[in-house]
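Those protein sequence lines, which keep their order, are chains A and B. Counted the way full-length UniProt numbering counts, the first sequence spans residues 1 to 145. Counted the way full-length UniProt numbering counts, the second sequence spans residues 1 to 145. All C-beta atoms in this analysis are idealised placements derived from N, C-alpha and C, irrespective of residue type, glycine included. Since we're looking at a predicted model, the values are computed, not measured.
2 protein chains.
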Amino acid sequence: MRIGELAKRAGTTTRTLRYYESRGLLRARRAANGYRSYDEDDLRQLRQIQTLRDFGFELEETRPFVDCLRSGEPAGDVCPASLAVYRRKLAELDDYLGQLTALRATLGTQLAAAELAAGARVPGGPAPRCELTHHDHDHDEEHLS
Amino acid sequence: MRIGELAKRAGTTTRTLRYYESRGLLRARRAANGYRSYDEDDLRQLRQIQTLRDFGFELEETRPFVDCLRSGEPAGDVCPASLAVYRRKLAELDDYLGQLTALRATLGTQLAAAELAAGARVPGGPAPRCELTHHDHDHDEEHLS
DNA sequence: GTAAACCTTCACGTCGACGTTCAGGCAAGC
DNA sequence: GCTTGCCTGAACGTCGACGTGAAGGTTTAC
Chain A
1 MRIGELAKRA
11 GTTTRTLRYY
21 ESRGLLRARR
31 AANGYRSYDE
41 DDLRQLRQIQ
51 TLRDFGFELE
61 ETRPFVDCLR
71 SGEPAGDVCP
81 ASLAVYRRKL
91 AELDDYLGQL
101 TALRATLGTQ
111 LAAAELAAGA
121 RVPGGPAPRC
131 ELTHHDHDHD
141 EEHLS
Chain B
1 MRIGELAKRA
11 GTTTRTLRYY
21 ESRGLLRARR
31 AANGYRSYDE
41 DDLRQLRQIQ
51 TLRDFGFELE
61 ETRPFVDCLR
71 SGEPAGDVCP
81 ASLAVYRRKL
91 AELDDYLGQL
101 TALRATLGTQ
111 LAAAELAAGA
121 RVPGGPAPRC
131 ELTHHDHDHD
141 EEHLS
């Protein structure tokens, strides 16, 4: 299959495929006329790249998976180098999740304190939200886009 | 105080302060010689910006807080517009956390499956990690930077 | 008197993964 | 024979947010 067909089957562009090739990620045999020629294995490699990119992997991080597939493995992620990338990404993700969770807690605390202070600031202002009082049901009060 | 001193006291650079001013975020009075002149209120506003930026707020999102401080409030986050930003950021954060958590689950599943497949792939290969067997203690097997 | 600090404006850099456009030129299919 | 697809390759744009750098000039401080 030629580059246009591969692009169409994978839902991408010829430009992207040539770019991957320039990065040494995807290889193409050449037909007698110089056209790039791809087979089903190439499509599988490309799909592997796309899946990982959807996961948020950088292009370079997909390389071990592609190499793994190219070495004849039935899946790109069973090789040690691929597993190592998985583990690293998981560790990064956990680290990041921890940071975001801590930030979420901080922000929540800040908001609660600010709401309290805002309520106390104007004596006739809105009551603090600590108790369910007479104001309407629990939909948002602010509608900023 | 002049721009250099303010920068030093806040741990930033004069370039950044001029940049904030160019965005209309920080204002400076001018001395007779044209030099920018700042007071403690300006420092508080700057600190507010820095705190929020540390939280991951975009520069523009700090504007309501700065305006709030400038209006004479003792804290930048008690004004309705500031509270609205807090709430929006919290909602964004929760959404993002949800996505990352889902991704984490997916990746974890992928890793587990790949580890199983990798173990089964080579009959004499490493045993799956489901049981603690005889291999050495639980440090990393891969050392990719 | 000289070095440091300040002033202005414009333009450039950072980052990744492409997209876009240009220019020229061959190949394929109907 | 004409459109569409493919080739090389180069070079520049995009996106967003946040500055950074340079050039060229004035003021202050020691």
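Run down chain B in chain order and give the residues with a C-beta less than 7 Å from the C-beta of Gln110 of chain A.
Along the first sequence, one-based indexing puts residue 110 of chain A at 110. Result: Asp77 and Tyr86.
In chain order, what residues of the same chain lie with their CB nearer than 8 Å to the CB of His134 of chain B, ignoring the 5 residues before and after it?
Residue 134 of chain B sits at position 134 when you count from the first residue of the second sequence. Residue confidence for His134 of chain B is low, a pLDDT of 43 falling below 50, so the modelled location carries little weight; the figure read from the coordinates is stated next. A distance below 8 Å between beta-carbons, with the five flanking residues on each side excluded, links His134 of chain B to no residue of its chain.
May I ask you to list, following chain order, the residues of the UniProt domain "HTH merR-type" (1-68) of chain A that have a beta carbon less than 8 Å from some beta carbon of chain B?
Phe55 and Gly56
Apart from the five residues on each side of it in sequence, which residues of its chain come closer than 6 Å, Cβ to Cβ, to Met1 of chain A?
For the purposes of this step, residue 1 of chain A is identified with residue 1 of the first sequence, where counting begins at 1. Contacts found: Tyr38.
Can you tell me whether Arg2 of chain B is helix, strand or coil according to DSSP?
Position 2 of the second sequence, counted from the first residue, corresponds to residue 2 of chain B. Arg2 of chain B carries a coil assignment under DSSP once its states are collapsed to helix, strand and coil.
Name the chain B residues that come within less than 8 Å of Arg104 of chain A, Cβ to Cβ?
Working through the first sequence from its first residue, we reach residue 104 of chain A at position 104. Within chain B, the residues near Arg104 of chain A are Leu90, Leu93, Asp94 and Leu97.
So which residues of chain A does Ser71 of chain B contact, with C-beta pairs closer than 7 Å?
The residue given as residue 71 of chain B occupies position 71 in the second sequence. By Cβ distance, chain A contributes nothing, its closest Cβ being about 12 Å from Ser71 of chain B, past 7 Å.
Give the DSSP-derived three-state secondary structure of Gly36 of chain B in the structure shown.
Start at 1 with the first residue of the second sequence, and residue 36 of chain B comes out as number 36. The sequence as given places Arg at residue 36 of chain B; Gly does not occur at that position. Strand at Arg36 of chain B.
Please look up how many angstroms separate the CB atoms of Arg87 of chain B and Leu111 of chain A, rounded, as I've assumed it's under 8 Å.
For the purposes of this step, residue 87 of chain B is identified with residue 87 of the second sequence, where counting begins at 1. For the purposes of this step, residue 111 of chain A is identified with residue 111 of the first sequence, where counting begins at 1. 7 Å between Cβ atoms; contact.
Is the beta carbon of Phe57 of chain A closer than 8 Å to that of Lys89 of chain A?
On the first sequence, residue 89 of chain A is found 89 positions in, with the first residue counted as 1. On the first sequence, residue 57 of chain A is found 57 positions in, with the first residue counted as 1. Closer than 8 Å, so yes.
Look at the alpha carbon of Leu25 of chain A and the alpha carbon of Glu61 of chain B, and state the distance between them as a whole number of angstroms.
The residue you call residue 25 of chain A lines up with position 25 of the first sequence. The residue you call residue 61 of chain B lines up with position 61 of the second sequence. Near 40 Å, if we compare the C-alpha coordinates of Glu61 of chain B and Leu25 of chain A.
Residues in the same chain with beta-carbon distance under 7 Å from Leu43 of chain A, minus the five sequence neighbours each way, listed in chain order, please.
For the purposes of this step, residue 43 of chain A is identified with residue 43 of the first sequence, where counting begins at 1. Taken in chain order, the residues that qualify are Leu6, Arg9 and Ala10.
If you draw a straight line from the alpha carbon of Val78 of chain B to that of Glu115 of chain A, how long is it in whole angstroms?
If you number the second sequence from 1, residue 78 of chain B lands on position 78. If you number the first sequence from 1, residue 115 of chain A lands on position 115. Distance between the alpha carbons of Val78 of chain B and Glu115 of chain A: 7 Å.
Considering only the beta carbon of each residue, do Gln45 of chain B and Leu69 of chain B sit closer than 8 Å?
Here residue 45 of chain B refers to the residue found at position 45 of the second sequence. Here residue 69 of chain B refers to the residue found at position 69 of the second sequence. Yes, the Cβ-Cβ distance between Gln45 of chain B and Leu69 of chain B is below 8 Å.
Less than 8 Å between the C-beta atoms of Leu103 of chain A and Thr101 of chain B, yes or no?
As a working note, residue 103 of chain A is residue 103 in the first sequence. As a working note, residue 101 of chain B is residue 101 in the second sequence. Taking the C-beta atoms as reference points, Thr101 of chain B is found no nearer than 8 Å to Leu103 of chain A.
Mapping the DSSP letters down to three states, classify Ala23 of chain A as helix, strand or coil.
In the first sequence, the residue the question calls residue 23 of chain A occupies position 23. Checking the sequence, you will find Arg at residue 23 of chain A rather than Ala. Here Arg23 of chain A sits in coil by DSSP.
Could you pull the start and end residues of the alpha helix (DSSP H) that Leu69 of chain B belongs to?
Along the second sequence, read from residue 1 onward, the residue named residue 69 of chain B stands at position 69. Run containing Leu69 of chain B: Arg63 to Arg70, per the alpha helix (DSSP H) assignment.
Let me know if Ser82 of chain A comes out buried or exposed under the rule of 16 or more other beta-carbons within 10 Å of its beta-carbon.
Position 82 of the first sequence, counting from 1, holds the residue named residue 82 of chain A. Looking at its Cβ environment, which holds 16 or more other Cβ atoms inside 10 Å, Ser82 of chain A is buried.
Check the C-beta distance from Leu52 of chain A over to Arg23 of chain A and give it rounded, since I have them as a contact under 8 Å.
Looking up residue 52 of chain A in the first sequence gives position 52. Looking up residue 23 of chain A in the first sequence gives position 23. At roughly 14 Å, the Cβ-Cβ gap does not stay under 8 Å, so Leu52 of chain A and Arg23 of chain A are not in contact.
Which residues share a DSSP beta bridge with Arg30 of chain A?
By 1-based counting over the first sequence, the position of residue 30 of chain A is 30. In the DSSP output, where bridge partners are listed per residue, Arg30 of chain A has A:Arg36.
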